[in-house]
Structures are given as C-alpha cells and as structure tokens.
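Chemist: This structure is in structure tokens; I'll ask about it shortly.
Residue numbers (the working numbering), protein chains in the order written: chain A, 176 to 472; chain B, 23 to 327.
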C-alpha cells in the first residue's frame, strides 16, 4: 500500500483517500462523470437564478399564444405545447430529479447502514433472523408497493423520498453486514471493547467509519437507480405533479407528442441518459479507486 | 434438497399473509373510496352499492371476510368492471403480461449472454469495449425513452411494425426489445464479470494447456460457473420485468395485467388491487424459489450448507 519512494520525496505517506483520489484521477471516464454530475448539479440548483437572469423564462410561465416552437434564439431548446421554455423546465426538473435522487439515497443509506451494522455486529440468532427478513423482502415486487403508496396517499414529494428509500436499502444492508463481520474481529475493535465502550458507540464510531469506501461506492450507484425509479413513477403519473417538472415528467410529456415535437422527448431523454451514464461511470471508477469488491449484490 | 424446498415453501405462507394484511389496511386507511369517481350517484345508491359489496361492515369484519375468501382462492368481484370477478380478469390479462415478460427475458438472455461471452473472451479489445459500451447505454436509457424511440424509428419512419397493439406475432417485437434491453445490458455485465473470474482460474489454464479448443473451454468448463451471477440475478430480473411491463404495456397498448393494476389502484378497486398484488407477489416468490433451487443444483458448493 505505502510506496516507499514517494515517502522519501514527500516525507509523508499518502493517506488512503489521497491514494484513492490519484487512482480515480487516472480513470478518465470516471472524472468525466464527476465533471458532468457536478456541472449538472450546479446548473440545476442555481436554476431559479439562471431562469431569471439568463434564460428569461420561468419553468411554469405559459405562453399559449406561442405554443410549441422548435429550438431557436429566444427559446434555446424550444417550448412545449403550453409555450413553456424547455430549458427552464429541464433545469428545474433536474433540480427535482437530483434532489429526489440524493434524499432517497440518504434515506436508504441510513436504513441500510444501521440495519446491516447491527446484524453484522451482533451476529448469531439475531443476524440470522434479520438477514432472512432481507432475503424474503428481496423476493418481493416492491415497486408495486411504491405505486400503491403513491396512489393512495397522494403525490407528496417527502413520501416519495421515503417510499423509494425504503425500497432501496436491502443491498446496502447486505454489503454493510458483510463488511462489519470482517472488521469487527480486528484489534482496534477489541481495544474499544477493552476500554469498556458501549456497543452502539463501537458500531457507529469505530466500525462504520471503516466502511466508508463501500458505502460511498454503493451510494453513488444507488443515486441513478433512484432517479430512474422516480421518473418511472412520474411516467405513470404518480411522481412529481404539474406544474412542477422532473425529468420523468418531461419525458412523459415529450413521449406523448414526440411525432410532432420531437425535441420535447429528445432533450430530456439525452439529459437523463447523460446523468445516469455519468453516475454509473463515477460509481464504477470509485469502486476501482477505493478497491471495493463485490459491492454489486 | 426436498427439506430445503419444503421449508422455503412454508416460509411463503406468512409472507403472503403479511402482504395481504398490509395491502388491505393501506387501501382502507387511504382517503377516497371505490365509488368516488362515479358520476353523481345519490347517497342511497352509494349506500346500497357499499352494502352489496360488504363495505358497510366494520373494518375488521371486512378483513376477516376477505381473508377467508382469499384462502379459498376467491379474489372477489371488480368494482370497475361490474359482473366480472378479479379471478377472471387476471386469467385474461396475466397470460399477456407473462408472454411479454418471457419474450423480454429471452431477448435479455440471448443478447446479454452473447455479449458477455464475447467480451470476456476478447478482454480489452474492440470485441469487449463495443458490447460493454452498448450495455452501459442500455442501462442508462430508461424504457420510457427507449419505447417511444423504437416506435418512432421502426413503426413510424420505417413502418416495419405497428406503433401499438397486440394482435399479430410481430407486434411482440418492439415491446419485448424495449422491456428486455435493460436486462440484456445487466446480464451482459454480470456474465462478463463472472466468466472473467472463471477464465483466470487454474483449471482453465490446464484445459488450455491440454489443447482444448476455445469453444470447448467456454461451453464445457467456464460457462457453468461463470453463469452463476446471471442465474442469481434472474429472480430480481423477473420481478423487475413484471413491474417494468407496466410502463411498456402503457406505451405499446398491450392489454396486460400491469395496466389493470395501475388503473385499479387509481380507482380504489379494492378487490382488484388486492388480487393483483397477491398474484404478483405469489408469482415472484415462487419464481425466486425456483431460481434458488436452480442455483443450488448448479453450484455444488452450496449443497453442503
């Protein structure tokens, strides 16, 4: 791990994270992904400002007299049948999609890490029981329950985060459990025990930080899955409600009129595919850089 | 082996019961009722309809009645399609979804395995990079973008297929491709990874040293172990194909169960929702069991556990 020649030069060993960053930097596709995701995130989150000062149209500003026009100088990406500017809607929709992606991933991460860490650390009967439960849950068509939840309890965006997060935590729990089982036999955990620390403290202060690698990698790979699920729901009319937009909503609207106004499907589709591409490449690159194996199931 | 199957089978009973209970109470606690969408019905008519379907009784009594009916395999009547039972609707619509699902699975397996095999044999060549980039694209283009794109290219511009409908054999092509693409991509990546791991092992080197042909090495030695990740993916894949078909059925106007399920949920068609959820869950659980048995059978290492 530690390269002695570089130690002589810098008089300091590169930390694990510096090492990982070097490896990631060499992976051009992953860096490309990182760049695209960063740019999209900045543009999306600054979308209210951009809409106001650069584009000049807001995402819900209708112009029925104008109707759908192809991309031109005023409307760079054209407008939809209600005369709304597609670029503004795309940026605003990106904000919603990325937010759902992030928040739902955080929800699934929290559940998965706590569940997996407890099962892995305590072990024995409890572990067996908890993991059987995960196995059984794995076998269920969960999307159906998300659909039911969204239909029955209204299209509430917080509910959307929670519902999606609650579906996605299973793999995280499995990964964390496996890693915890490997880490918990190491000396520093024994030392923590010897110091008389409480178990919750040992799990969350001493063991979990050692799992950051796999957790980061898997989280990066969960975000695109969540974005996909959100747009799937929006496509069925269950996700984000008009006049708000998300990429799923835009793709749905675009698909309905793709014959007459193909740009309305093309740009959101490309944007979404590009984001998913970037996140997947970034996730793969991080997996290599952080040397995480077997994190995909 | 027999004991394993029996145990797994017995486990599904409480699982299905929990699903039924959760679905029941989730539906009933949700605002809205099955007759809200009907145009202007008088309170008396509504009361009579609710009495007819037993919806006026206390909730817990309704729950017990429905559980009893479910135990007898009676899924109840549909509110939305009066005069038809849920059993009949499922019997009509599910074969369509099933056919679409299996055609998509066939697409996924044929393309995915072929791409994975080629890529693993010619690692780091164009034969590896091109299929794997395509696979990445397949993972990133969602079905609801792929479907409309395929329609506009092959149905509207080239006029090879119908844009929607489910009447002729060739109507199956575009929906199956749309639905199968994502899984083909996933399988390609899994197969490549699994095969590469096996191809680097000593026994393959031995086989090669003994002069076995590449074809023999691949099909006789490597495939059985290398394909295991693909087999364990089949369970989740089938579940995904079933739910994924909701979107594909909507796009291509396929009269499958997915569309019935989504509309039933919107219409608060209680028995229809319960029936399709249980049916889906039972089907997926059964398939997962089958996949696990297949895995144990194909991987001798697991038999000792």
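Each residue gets a CB set at the ideal place from its N, CA and C atoms; glycine is no exception.
1. Would the beta-carbon of residue 246 of chain A fall within 9 Å of that of residue 252 of chain A?
2. Could you please give me the residues that DSSP links to residue 291 of chain B through a beta bridge?
3. Along the chain, where does the alpha helix (DSSP H) containing residue 445 of chain A start, and where does it finish?
4. Between which residues of its own chain and residue 165 of chain B is the CB-CB distance below 7 Å, once the five residues before and five after are set aside?
5. Step through the CB atoms of chain A and report whether any lies within less than 9 Å of the CB of residue 184 of chain B.
6. Strictly below 7 Å CB to CB, what residues from chain A border residue 288 of chain B?
7. Looking at the structure shown, is residue 260 of chain A part of a helix, part of a strand, or coil, going by DSSP?
8. Per DSSP, residue 107 of chain B forms a beta bridge with which residues?
9. Closest Cβ-Cβ distance between residue 233 of chain A and chain B: below 9 Å?
10. Under the assumption that residue 282 of chain B contacts residue 296 of chain B (Cβ atoms under 8 Å), give the Cβ distance between them as a whole number of angstroms.
11. Going by C-alpha to C-alpha distance, which of A:408, A:397 and A:421 sits closest to residue 280 of chain A?
12. Would you mind reading off the limits of the alpha helix (DSSP H) that contains residue 427 of chain A?
13. Would you give the residue range spanned by the alpha helix (DSSP H) that residue 201 of chain A belongs to?
14. Distance check for residue 147 of chain B and residue 291 of chain B, CA to CA, integer angstroms please.
15. Closer than 7 Å, Cβ to any Cβ of chain A: which residues of the region 163 to 192 of chain B, in chain order?
16. Excluding the five sequence neighbours on either side, which residues of its own chain have a C-beta within less than 7 Å of the C-beta of residue 209 of chain A, listed in chain order?
17. Alpha carbons only, please: which of A:419, A:395 and A:428 is nearest the one belonging to residue 278 of chain A?
18. Should residue 315 of chain A be flagged as near chain B, meaning a C-beta pair shorter than 9 Å?
19. Give a yes or no on whether the minimum CB-CB distance between residue 406 of chain A and chain B is below 9 Å.
20. How is residue 249 of chain A classed by DSSP in three states: helix, strand or coil?
21. If you follow the alpha helix (DSSP H) that residue 354 of chain A is in, where does it begin and where does it stop?
22. Does the pairing of the region 231 to 246 of chain B with the region 113 to 129 of chain B give three or more beta-carbon distances under 8 Å?
23. Using 8 Å as the Cβ pair cut-off and three pairs as the minimum, do the region 439 to 447 of chain A and the region 422 to 429 of chain A touch?
24. Rounding to the nearest angstrom, what Cα-Cα distance links residue 378 of chain A and residue 464 of chain A in this structure?
25. With a CB to CB cut of under 8 Å and the five nearest residues on each side skipped, what residues in its chain are close to residue 190 of chain B?
26. Under 9 Å between beta-carbons, which chain B residues line up against residue 440 of chain A? List them in chain order, please.
27. Going by DSSP, name the residue or residues bridged to residue 254 of chain A.
28. State the CB to CB distance for the pair residue 158 of chain B and residue 141 of chain B, rounded to an integer number of angstroms; the pair is presumed to be in contact (CB under 8 Å).
29. Determine, using beta carbons only, whether residue 135 of chain B and residue 210 of chain B come nearer to each other than 9 Å.
30. Note down the Cα distance separating residue 455 of chain A from residue 422 of chain A, rounded to an integer number of angstroms.
31. Am I right that residue 313 of chain B and residue 254 of chain B are in contact with their C-beta atoms under 8 Å? What's the rounded C-beta distance?
32. Which word fits residue 343 of chain A, buried or exposed, when buried means at least 16 other C-beta atoms lie within 10 angstroms of its C-beta?
33. Less than 9 Å between CB atoms is the rule here; does residue 273 of chain B satisfy it with respect to chain A?
34. With 9 Å set as the bound, which would you pick, yes or no: does the beta-carbon of residue 282 of chain B sit closer than that to a beta-carbon of chain A?
35. Given a threshold of 16 other Cβ atoms within 10 Å of its Cβ, counted over all protein chains shown, does residue 391 of chain A qualify as buried or as exposed?
Modeler: Considering the structure as presented:
1. Position 71 of the first chain, counting from 1, holds the residue named residue 246 of chain A. Position 77 of the first chain, counting from 1, holds the residue named residue 252 of chain A. Between residue 246 of chain A and residue 252 of chain A, the C-beta gap is smaller than 9 Å, which places the two residues in contact.
2. As a position in the second chain, residue 291 of chain B is number 269, starting the count at 1. Per DSSP, none; premise fails for residue 291 of chain B.
3. Counting from 1 along the first chain, the entry for residue 445 of chain A is found at position 270. It spans 438 to 464 - the alpha helix (DSSP H) in which residue 445 of chain A sits, taken as one unbroken run.
4. Along the second chain, read from residue 1 onward, the residue named residue 165 of chain B stands at position 143. Hits under 7 Å: 200, 201, 204, 266, 269 and 270.
5. By one-based count along the second chain, residue 184 of chain B stands at place 162. Put simply, the CB of residue 184 of chain B is far from chain A, with every gap to its CB atoms at 9 Å or more.
6. As a first step, residue 288 of chain B is located in the second chain; it is residue number 266 there, counting from the start. Those within 7 Å of residue 288 of chain B in chain A are 326.
7. To locate residue 260 of chain A, count along the first chain from 1; it is residue 85. Residue 260 of chain A: strand per DSSP, three-state reduction.
8. Position 85 of the second chain, counted from the start, is the residue given in the question as residue 107 of chain B. Per DSSP, B:99.
9. The residue given as residue 233 of chain A occupies position 58 in the first chain. Put simply, the CB of residue 233 of chain A is far from chain B, with every gap to its CB atoms at 9 Å or more.
10. The residue labelled residue 282 of chain B in the question sits at position 260 within the second chain. The residue labelled residue 296 of chain B in the question sits at position 274 within the second chain. Residue 282 of chain B to residue 296 of chain B, Cβ: 13 Å. No contact.
11. Locating residue 280 of chain A in the first chain gives position 105, counting from the first residue. Of the candidates A:408, A:397 and A:421, A:397 places its Cα closest to the Cα of residue 280 of chain A.
12. Counting from one through the first chain, the residue named residue 427 of chain A turns up at place 252. Where residue 427 of chain A is concerned, the enclosing alpha helix (DSSP H) stretches over 422 to 431.
13. Indexing the first chain from 1 puts residue 201 of chain A at position 26. First-last of the alpha helix (DSSP H) with residue 201 of chain A: 191 to 201.
14. Here residue 291 of chain B refers to the residue found at position 269 when the second chain is read from its first residue. Here residue 147 of chain B refers to the residue found at position 125 when the second chain is read from its first residue. Those two C-alpha atoms are separated by around 55 Å.
15. Cβ contacts with chain A: 163, 164, 166, 167, 170, 174 and 178.
16. Working through the first chain from its first residue, we reach residue 209 of chain A at position 34. Apart from sequence neighbours up to five positions away, the residues of its chain that approach residue 209 of chain A with a beta-carbon distance below 7 Å are 457, ordered along the chain.
17. Walking along the first chain from the start, residue 278 of chain A turns up at place 103. Closest option to residue 278 of chain A, judged by alpha-carbon separation, among A:419, A:395 and A:428: A:395.
18. Counting from one through the first chain, the residue named residue 315 of chain A turns up at place 140. Interface flag for residue 315 of chain A against chain B is set, since a Cβ pair is found closer than 9 Å.
19. Translated into positions along the first chain, residue 406 of chain A becomes position 231. Interface flag for residue 406 of chain A against chain B is set, since a Cβ pair is found closer than 9 Å.
20. Counting from 1 along the first chain, the entry for residue 249 of chain A is found at position 74. It is coil, neither helix nor strand.
21. Taking the first chain and counting its residues from 1, the one referred to as residue 354 of chain A is at position 179. Counting along the chain, the unbroken alpha helix (DSSP H) around residue 354 of chain A starts and ends at 332 to 358.
22. With a cut-off of 8 Å on Cβ pairs, the region 231 to 246 of chain B is not in contact with the region 113 to 129 of chain B, counting fewer than three such pairs.
23. Two segments are said to touch when three or more pairs of C-beta atoms, one from each, lie closer than 8 Å; by this definition the region 439 to 447 of chain A touches the region 422 to 429 of chain A.
24. Start at 1 with the first residue of the first chain, and residue 378 of chain A comes out as number 203. Start at 1 with the first residue of the first chain, and residue 464 of chain A comes out as number 289. The alpha-carbon atoms of residue 378 of chain A and residue 464 of chain A are separated by roughly 25 Å.
25. Taking the second chain and counting its residues from 1, one reaches residue 190 of chain B at position 168. The residues are 184.
26. One-based indexing of the first chain puts residue 440 of chain A at position 265. Residues of chain B passing the Cβ test: 167, 170, 171 and 174.
27. In the first chain, residue 254 of chain A corresponds to position 79, counting from 1. Within the DSSP bridge table, the entry for residue 254 of chain A names A:260 as partners.
28. Residue 158 of chain B sits at position 136 when you count from the first residue of the second chain. Residue 141 of chain B sits at position 119 when you count from the first residue of the second chain. Rounded, the Cβ-Cβ distance is 12 Å, inconsistent with contact.
29. Your numbering for residue 135 of chain B matches position 113 in the second chain. Your numbering for residue 210 of chain B matches position 188 in the second chain. A contact, by the Cβ cut-off of 9 Å.
30. As a working note, residue 455 of chain A is residue 280 in the first chain. As a working note, residue 422 of chain A is residue 247 in the first chain. Taking the straight line from one Cα to the other gives about 18 Å.
31. Counted from its first residue, the second chain places residue 313 of chain B at position 291. Counted from its first residue, the second chain places residue 254 of chain B at position 232. With a Cβ gap of about 7 Å, residue 313 of chain B and residue 254 of chain B count as contacting.
32. Indexing the first chain from 1 puts residue 343 of chain A at position 168. Taking every protein chain shown into account, the CB of residue 343 of chain A has 16 or more other CB atoms within 10 angstroms, so this residue is buried.
33. Working through the second chain from its first residue, we reach residue 273 of chain B at position 251. So yes, residue 273 of chain B belongs to the interface.
34. By 1-based counting over the second chain, the position of residue 282 of chain B is 260. Contact of residue 282 of chain B with chain A is not assigned, every C-beta pair being separated by 9 Å or more.
35. Residue 391 of chain A sits at position 216 when you count from the first residue of the first chain. Taking all protein chains shown into account, residue 391 of chain A has 16 or more neighbouring C-beta atoms within 10 Å of its C-beta and is therefore buried.
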